[in-house]
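Under the working numbering, the first residue of the sequence shown is numbered 89, with each subsequent residue one higher.
For each residue, glycine too, the CB sits at the ideal point set by N, CA and C.
First comes the structure, then the notes that go with it.
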Amino acid sequence: MIETYPNTTVLVHAAAERIVSVLEQALQAKETATLVLTGGKTPEPAYRLLGAPPLSGRIDWNRVQFFWGDERCVPPEDPESNFGMAWNAFIDRLGVPSNHIHRMIGELADVNEAASLYESAIRDVLPGREIPSFDLVLLGMGEDGHTASLFPGTKWDEARLVVANHAPATGARRISMTPRILNQAQAILFLVAGASKSRALAEVLGNPASQLPATRIRPVHGSLTWMLDDSAAGLMGDPKSEI
Ligand code: 6PG
89 MIETYPNTTV LVHAAAERIV SVLEQALQAK ETATLVLTGG KTPEPAYRLL GAPPLSGRID
149 WNRVQFFWGD ERCVPPEDPE SNFGMAWNAF IDRLGVPSNH IHRMIGELAD VNEAASLYES
209 AIRDVLPGRE IPSFDLVLLG MGEDGHTASL FPGTKWDEAR LVVANHAPAT GARRISMTPR
269 ILNQAQAILF LVAGASKSRA LAEVLGNPAS QLPATRIRPV HGSLTWMLDD SAAGLMGDPK
329 SEI
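Put into structure tokens, the structure is as follows:
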């Protein structure tokens with residue numbers, strides 16, 4: 089499903105509303121819902137909307153388990169931290185029990201250990217399935233077609249649920265969920281804005297042979313929705329678009 093919105097402001101309002109609607113639906117069927125947050129700049133205004141009325145009042149946030157799809161290898165108070173961004177944008181005002189907040193321990197010196205610890209943390213909250221299934225996964229996409237911290241030109245163990253990786257442009261170490269677990273989600277929302285994403289997006293959505301990491305996101309059972317602003321969608325359907 090591809091949805092386009094006239095500008096980023098309209099996009100983030102629609103995204104915040106959709107996040108709440110999906111969580112409401114999940115909470116009608118069960119006691120707790122699991123939400124995987126993405127980092128980056130695009131989602132931040134949507135997160136701020138989640139932290140304030142009217143949207144904040146529509147969910148009993150005590151019934152939500154918060155996870156992150158990826159993290160930079162920095163402490164939580166670092167401006168680069170995906171946990172820190174979401175915490176400051178909305179989670180800090182929800183009064184959520186601390187045992188419902190599952191951040192990746194980006195500051196751990198051994199990134200592989202941090203990845204393994206996170207896999208265990210996921211399984212502790214979501215036991216009983218070979219591959220846990222989240223109710224809602226939020227993702228963004230970089231200009232190079234990366235998603236989470238799965239970057240073009242990098243390799244990861246496809247059998248793992250969470251891996252250590254790095255951003256080739258900077259060498260910065262990262263922790264990331266893998267397609268293996270992301271694709272088990274009941275619902276995946278991509279939030280993509282800005283003309284700088286248009287070429288990668290045209291390839292990811294238009295070229296079946298694309299090897300860009302964002303093309304690896306194909307939910308096994310769940311729904312996949314791309315929420316785009318018109319700028320990001322500007323080259324859709326342009327077969328020449330290859331990055
Ligand atoms: C991160 C994100 C990453 C992000 C894209 C898009 O850690 O940065 O998880 O995958 O979603 O880079 O970021 P923007 O929304 O800032 O364009």
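Would you say residue i and residue j are within 8 Å of each other, going by their C-beta atoms?
i	j	result
Thr266	Glu91	no
Phe178	Leu227	no
Ala46	Ala104	The structure shown does not extend to residue 46, since the chain spans only 89 to 331, so no value can be given for it.
Ser298	Ala320	no
Ala102	Asp223	no
Ile219	Leu182	no
Pro163	Gly194	yes
Closer than 8 Å, CB to CB, is residue i near chain C or not?
i	result
Asp318	No chain C appears in this structure, which consists of one protein chain only.
Restricting to Cα atoms, I'd like to know which of the options is closest to residue i.
i	options	result
Gly157	Pro215, Arg191, Ala275, Gly145	Arg191
Phe155	Ala281, Leu238, Ile189	Ile189
Gln274	Ser221, Asn253, Glu207	Ser221
Ser237	Glu218, Asn253, Val162	Asn253
Gln116	Asn187, Asp148, Trp175	Asp148
Gly230	Gly127, Asp245, Arg151, Leu323	Gly127
In three-state DSSP terms, what is residue i?
i	result
Leu196	coil
Thr120	coil
Glu159	strand
Ile269	helix
Ile189	strand
Run through the DSSP bridge pairs and tell me what residue i is partnered with.
i	result
Thr235	Leu238
Ile90	Trp314
His254	Arg261
Val152	Ala121
Leu227	Phe278
To the nearest angstrom, report how far apart residue i and residue j are at their CA atoms.
i	j	result
Pro301	Lys118	32 Å
Arg146	Glu112	8 Å
Met173	Arg160	11 Å
Ala209	Leu137	28 Å
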